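All remarks here apply to the structure that follows.
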Ligand SMILES: Nc1nc2c(ncn2[C@@H]2O[C@H](COP(=O)(O)OP(=O)(O)OP(=O)(O)O)[C@@H](O)[C@H]2O)c(=O)[nH]1
Ligand SMILES: [Mg+2]
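Residue numbers (UniProt numbering): 1 to 208.
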């Protein structure tokens with residue numbers, strides 16, 4: 001079954017992981033460094049100009065924003081990590097919360113990690129990927145702003161990252177993406193359709 005992502009609408013914002021709506025249905029989260037292009041990618045995917053707020057000022061998305069594609073099918077825009085201006089203490093807290101979300105959210109079916117194609121696989125990106133692989137969560141890596149590189153350099157970078165992520169093991173796909181040029185959008189839709197059609201594993205009832 002393919003979904004129509006164009007009808008995606010905002011549901012709610014949560015100030016942190018503990019205030020998310022009920023852990024039911026299916027969720028796919030968009031994570032990445034501050035300014036990596038998460039909100040832009042969500043807008044491009046859904047063909048909407050301002051579904052998710054974008055900004056030239058890094059660290060703009062402070063809340064976890066949840067969007068619904070259809071009943072029980074959600075896309076999650078996570079606040080960017082690694083923003084230099086954020087106090088160390090807050091960074092540590094947020095990083096811990098992200099880890100908890102990835103490892104405990106049962107309805108989470110896949111993780112999209114967005115990284116600027118010119119600066120891929122920073123420490124915190126690697127941490128996110130490790131957490132996902134740890135809990136058998138499939139990962140789609142989008143090398144964003146691919147329009148910033150000429151096609152030769154773009155291909156070389158794509159190949160280099162594909163090679164590098166083999167070291168993580170796990171189910172990881174890497175694609176180039178540009179919100180500006182609409183590159184890679186079909187690849188994202190295909191992956192989301194696949195994840196949204198995978199039934200979340202049902203917890204065994206141990207009382208029986
Ligand atoms: N050239 C180019 N610029 C882009 C692209 N995608 C995003 N940008 C720009 O990058 C900046 C950050 O984009 P956002 O989508 O707001 O990034 P974000 O990851 O949501 O950032 P935070 O919410 O702060 O974590 C904006 O100035 C965008 O216009 C792209 O595909 N190509
Ligand atoms: Mg954002």
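Here a beta-carbon is modelled for each residue, glycine too, at the ideal position from N, C-alpha and C.
These numbers come from a predicted model, not from an experiment.
Proximity of the beta carbon of residue 79 to ligand 1 is indicated: a heavy atom of the ligand is located closer than 8 Å.
For residue 159, the CB stays at least 8 Å from every heavy atom of ligand 1.
The beta carbon of residue 8 is closer than 6 Å to those of 46, 67, 69 in its chain, skipping five residues each way along the sequence. Here residue 75 is near residue 42, since their CB atoms are less than 9 Å apart. Using a 10 angstroms sphere on the CB of residue 163, the tally of other CB atoms stays under 16, which defines it as exposed. Taking the CA atoms as reference points, residue 123 sits about 22 Å from residue 148. Secondary-structure assignment with DSSP links residue 193 through no beta bridge to anything. The straight-line gap separating the alpha-carbon atoms of residue 83 and residue 126 is approximately 16 Å.
For residue 74, the enclosing beta strand (DSSP E) stretches over residues 73-77.
Between residue 121 and residue 161, the beta carbon gap of about 7 Å places them in contact (Cβ cut-off 8 Å). The beta carbon of residue 52 sits closer than 8 Å to at least one heavy atom of ligand 1. As the crow flies, the alpha-carbon of residue 23 is around 24 Å from that of residue 190. Contact between residue 114 and residue 188 is absent: CB atoms are separated by about 10 Å, not below the 8 Å threshold. For residue 33, the shortest C-beta to heavy atom distance toward ligand 1 is below 8 Å. Distance from the Cα of residue 128 is smallest, within the candidate group 53, 78, 2, for 78.
Rounded to the nearest whole angstrom, the C-alpha separation of residue 17 and residue 158 is 32 Å.
Annotation for residue 13 indicates a beta carbon at 8 Å or more from all heavy atoms of ligand 2. Annotated three-state conformation of residue 144 is strand, per DSSP. Within 8 Å of the C-beta of residue 179 there is not a single heavy atom belonging to ligand 2.
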